[in-house]
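Novice: Numbering-wise (this note's numbering), the sequence shown opens with residue 708 and increments by one.
Okay, handing you the structure first.
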Amino acid sequence: MCGLRQEGVDIGFYQPLEVKVEIKDGELLCRTYQMNNFTAQLTSPQYKQVMCLGAKQNGLPLDYTNKICAVETNDYSGPSVLDDINAVMEDEKHRTPHRCTARTT
């Protein structure tokens, strides 16, 4: 449930989909999210940074990583979710661990 809430599924922004991803040793069944009511827009520099770092950290092919890192952005420079995440992570260093629990009715 936590992932669904985080991804905006519970409020109808996205719908989860399962896709097969080919890897060297076969296939993986993965989850992705498709945006409902999609309108094309440029991405934020912060989101681009997260995607570039993730591609590099996970060893994606260099040509693919370069394409991701070359994507044009909307030049947004205000507060970002990435700033919020970094602040929470810093705050969590000083707190006791907690878990996200799913509620059932």
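Glycine residues also receive a C-beta, built at the ideal position from the N, C-alpha and C atoms.
1. Closer than 6 Å by C-beta to GLU696: which residues in its own chain qualify, once you throw out the five before and the five after it? Chain order, please.
2. By the three-class DSSP mapping on this structure, what secondary structure does LYS727 have?
3. Thinking SER751 and ASN793 are a contact (beta carbons under 8 Å), I'd like their distance in whole angstroms, please.
4. Going by DSSP, name the residue or residues bridged to TYR721.
5. In the structure shown, what three-state DSSP assignment does MET708 receive?
6. To the nearest angstrom, report how far apart ILE718 and VAL788 are at their CA atoms.
7. Which residue comes first and which comes last in the alpha helix (DSSP H) that contains ALA794?
Specialist: Let me spell this out:
1. No information on residue 696 is available, as it lies outside the stretch 708 to 812 that the chain covers here.
2. The residue you call residue 727 lines up with position 20 of the sequence shown. Correct three-state label for LYS727: strand.
3. If you number the sequence shown from 1, residue 751 lands on position 44. If you number the sequence shown from 1, residue 793 lands on position 86. 15 Å between Cβ atoms; not a contact.
4. Numbered from 1 along the sequence shown, position 14 holds the residue referred to as residue 721. DSSP, once it has assigned bridges, lists MET742 as partnering TYR721.
5. Here residue 708 is taken as the residue at index 1 of the sequence shown, counted from 1. Residue confidence is low: MET708 scores 48 on pLDDT, short of 50, so the model does not pin down where it sits. No coordinate-derived value is stated.
6. Reading the sequence shown from its first residue, position 11 is the one you call residue 718. Reading the sequence shown from its first residue, position 81 is the one you call residue 788. C-alpha separation (whole angstroms): 18 Å.
7. Start at 1 with the first residue of the sequence shown, and residue 794 comes out as number 87. Looking at the DSSP string, the run of the alpha helix (DSSP H) that includes ALA794 is 788-799.
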